[in-house]
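Oh and the sequence shown: position 77 is 94 in the working numbering, straight run, nothing missing. The block underneath contains the structure these notes are about, expressed in structure tokens.
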Amino acid sequence: MFRVGLTGGIGSGKSTVAKIFEVLGIPVYYADDAARKIMNTDGDLRKAITEKFGEESYINNQLNRRYIASLVFNNKEKLELLNSLTHPATIRDAYNWMMKQTSPYSIKEAALIFESGSAEHLDYVIGVYTPLPLRIKRIMERDHIAKEEVLKRMSRQIDEDVKMRLCDTVVINDERHIVTTQVLQLHDRLLTLSKQ
């Protein structure tokens with residue numbers, strides 16, 4: 018199974034690109050959605066979260082998101098601790114999921130492919146690049162938040178230019194380049210690579 022990563026900063030349009038691949042019949046693993054599920058279903062992860070963040074971490078057998086968010090929101094160390102617990106479990110889950118797929122290749126969509134260490138489990142990484150002002154505008158409109166809050170969220174991810182240089186290829190999503198055309202070309206390339 019040829020394993021492809023799809024990444025980009027917050028507001029870059031990763032999900033839009035992922036949906037185009039899905040239309041082409043390529044299965045996509047959405048890491049954020051999966052992590053939310055795994056935090057409730059993975060016994061070892063639940064135990065580790067409870068040990069590190071306290072019994073209040075779960076209510077009625079479900080992760081107490083509000084409580085966890087209140088602990089990690091403005092605390093870099095606690096956020097890193099939470100990530101150090103959830104990333105390995107999500108990487109394992111994604112790998113197992115990808116190996117069960119029957120398509121020529123499958124995609125893992127995740128904001129933190131390089132930061133989490135999951136890039137080393139992938140054969141190819143696609144970056145989605147959007148200029149910063151457009152990303153800020155999109156997130157402000159999507160999440161109904163102030164620019165300062167957007168910038169704070171962005172500061173938790175590695176620099177976009179650095180991230181794009183680490184990728185094998187980049188899709189430009191700036192409202193001037195046609196994303197669908199780029200994805201179709203990329204799909205052809207990935208089909209070829211998956212046969213090698």
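Note that CB positions come from ideal geometry on N, CA and C, so glycine has one too.
May I have the straight-line CA-CA distance separating residue i from residue j, to the nearest angstrom?
i: Lys-3; j: Phe-38; result: This structure cannot speak to residue 3, because the chain is shown only from 18 to 213.
i: Thr-147; j: Tyr-141; result: 20 Å
i: Glu-158; j: Ile-195; result: 22 Å
i: Met-56; j: Leu-80; result: 7 Å
i: Ile-108; j: Ser-135; result: 6 Å
i: Leu-139; j: Arg-82; result: 29 Å
i: Ser-172; j: Gln-202; result: 32 Å
i: Cys-184; j: His-204; result: 16 Å
i: Pro-150; j: Leu-168; result: 11 Å
Going by Cα to Cα distance, which pick from the options is closest to residue i?
i: Arg-182; options: Ser-87, Val-21, Gly-25; result: Gly-25
i: Glu-192; options: Gly-30, Ser-133, Ser-123, Glu-177; result: Gly-30
i: Lys-180; options: Leu-62, Thr-209, Leu-201, Ala-128; result: Ala-128
i: Gln-174; options: Ile-156, Gly-60, Asp-185, Ser-133; result: Ser-133
i: Phe-70; options: Asp-160, Ser-87, Asp-176, Glu-166; result: Ser-87
i: Leu-208; options: Thr-186, Val-145, Tyr-122; result: Tyr-122
i: Met-115; options: Tyr-47, Ser-172, Val-200; result: Tyr-47
i: Glu-166; options: Ile-143, Thr-198, Asn-91, Leu-210; result: Asn-91
i: Glu-68; options: Leu-98, Arg-20, Arg-53; result: Leu-98
i: Tyr-75; options: Lys-93, Val-45, Arg-53; result: Arg-53
i: Asn-113; options: Arg-170, Asn-190, Met-18, Ser-211; result: Met-18
i: Glu-59; options: Lys-93, Arg-20, Asn-78, Thr-119; result: The sequence given here has Asp at residue 59, not Glu. Measuring from the Cα of Asp-59, the nearest candidate turns out to be Asn-78.
i: Gln-118; options: Pro-44, Asp-49, Ser-32, Gln-213; result: Pro-44
i: Val-200; options: Thr-186, Ser-211, Gln-213, Lys-212; result: Thr-186
Does the Cβ-Cβ distance between residue i and residue j come in under 7 Å?
i: Gly-28; j: Arg-155; result: yes
i: Leu-62; j: Ala-106; result: yes
i: Ile-22; j: Ile-130; result: Going by the sequence as given, residue 22 is Gly instead of Ile. Going by C-beta atoms, Gly-22 is nearer than 7 Å to Ile-130.
i: Ala-65; j: Leu-102; result: yes
i: Val-89; j: Val-145; result: no
Taking DSSP's pairing of strands, which residues face residue i in a bridge?
i: Arg-20; result: Ser-123
i: Ile-76; result: Gln-79
i: Tyr-46; result: Lys-125
Sequence ranges, alpha helix (DSSP H) only - wholly within the stretch 166-208, length at least 4
177-183
Sequence ranges, beta strand (DSSP E) only - wholly within the stretch 124-167, length at least 3
141-146
Mind pulling the alpha helix (DSSP H) runs of 4 or more residues that sit fully within the stretch 83-124?
93-117
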